[in-house]
Amino acid sequence: MEVVQAFWLGIIQGITEFLPISSSAHLILAPVLVGWADQGVAFDLAVHVGTLLAVMLYFRRDVGDLTKDSVTSLIQRRFIGQGLMAGYLVIGTVPAALAGLLLLDLIDTQLRSVAIIFFTTLIFGLLLGWADWCPKQSRKITTLTWRDVLLVGAAQALSLVPGTSRSGVTITAGLMLGLSREAAARFSFLLAIPITALAASAKLLEVATGDIAVDWIAFLVGGLTSFAMALTAIHFFLKWLNRFGMWPYVVYRLGLAALIYWVLMR
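Under the working numbering, the first residue of the sequence shown is numbered 10, with each subsequent residue one higher.
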């Protein structure tokens, strides 16, 4: 892989992983539009590690409290501090983890088409806009219940289909459950940590057990650029959340769907 390709794909992954516009769609579409070869599993591992480190660094205090309180809760056999939220993150991760194990081959072979990405980009973009437009979104993250978490987790499982967007569909589900924008976005980002760690672990296992050559320069370039851009994307997304809401991303998704149709489907 050329260093330039690794650099730009790292930027694309870093920006789109946590914005509600689908990183998987962009990583599939970019090589098609530009004429690049598929980036391969080792590069996918690099950018997953980069974005995982970024979200863990940005929410480092939460990660520390969640880890400490979950251990204390297990020892004392009752929820202490953030122990309940740690349990919620585990429960919310289960649907996507199971879907990944059961449907990975189908997703990788049948659901990566341009037509699928067009429809998911369009439909889930409209759903995001509708959820953001709905009134009475005032619930805080502390009001989450097991039912809420399971519903958001089920929505996250849908994000395995390219074009859906993990952050987009989980924020949409949170807004539909009455969470405020801040609460829906915060829970979505925290929920990204365990599922991204699982995805990175799966890629690592594939690289370690398969006959896959690792281009270490491309690996480092992709990982570092995705890390830097993911940190930037999270910061500005949360900073501008109340001012602009979700509609800039809805408009972007509609524009992307139109581009896919006119350039790749006609």
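From the three backbone atoms N, C-alpha and C, an ideal C-beta is built for every residue, glycine too.
So who's on the other strand from Leu188, going by DSSP bridges?
Arg148
Starting from the C-beta of Ala206, find all residues in its chain whose C-beta is less than 7 Å away, skip the five residues before and the five after it, and write them out in chain order.
Leu61
Please report the straight-line C-alpha distance between Gly162 and Met185, rounded to a whole angstrom.
14 Å
Using three-state DSSP, classify Ile11 as helix, strand or coil.
Rather than Ile, the amino acid found at residue 11 in this sequence is Glu. Three-state DSSP puts Glu11 in coil, outside helix and strand.
Decide yes or no for the touch test of the region 225 to 233 against the region 38 to 56: beta carbon pairs closer than 8 Å, at least 3 of them.
yes
Taking the alpha helix (DSSP H) that Met94 falls in, what are its first and last residues?
92 to 119
Report the residue ranges of all alpha helix (DSSP H) runs contained in full by the region 30 to 58; include only those spanning at least 4 residues, in chain order.
32 to 43
Selected residue, minimal CA-CA separation from Ala194, among Ser176, Trp45, Ile202
Ser176
Which word fits Arg86, buried or exposed, when buried means at least 16 other C-beta atoms lie within 10 angstroms of its C-beta?
exposed
How many angstroms separate the CA atom of Trp271 from the CA atom of Leu131?
14 Å
Determine the extent of the alpha helix (DSSP H) in which Arg86 is found, giving its start and end residues.
Arg86 -> no alpha helix (DSSP H), and no H or E assigned at all.
In angstroms with no decimal places, state the Cα-to-Cα distance between Thr126 and Ala164.
The question names Thr, yet the displayed sequence has Ile at residue 126. If I take the Cα positions, the gap works out to 17 Å.
Where does the unbroken alpha helix (DSSP H) through Ala242 begin, and where does it stop?
225 to 248
State the DSSP-derived secondary structure class of Met274, mapped to helix, strand or coil.
helix
Which same chain residues end up closer than 7 Å to Leu199 when comparing Cβ atoms and leaving out the 5 residues on each side of it in sequence?
Phe68, Asp71, Leu98
Give a yes or no on whether the C-beta atoms belonging to Met255 and Gly172 are separated by under 8 Å.
no
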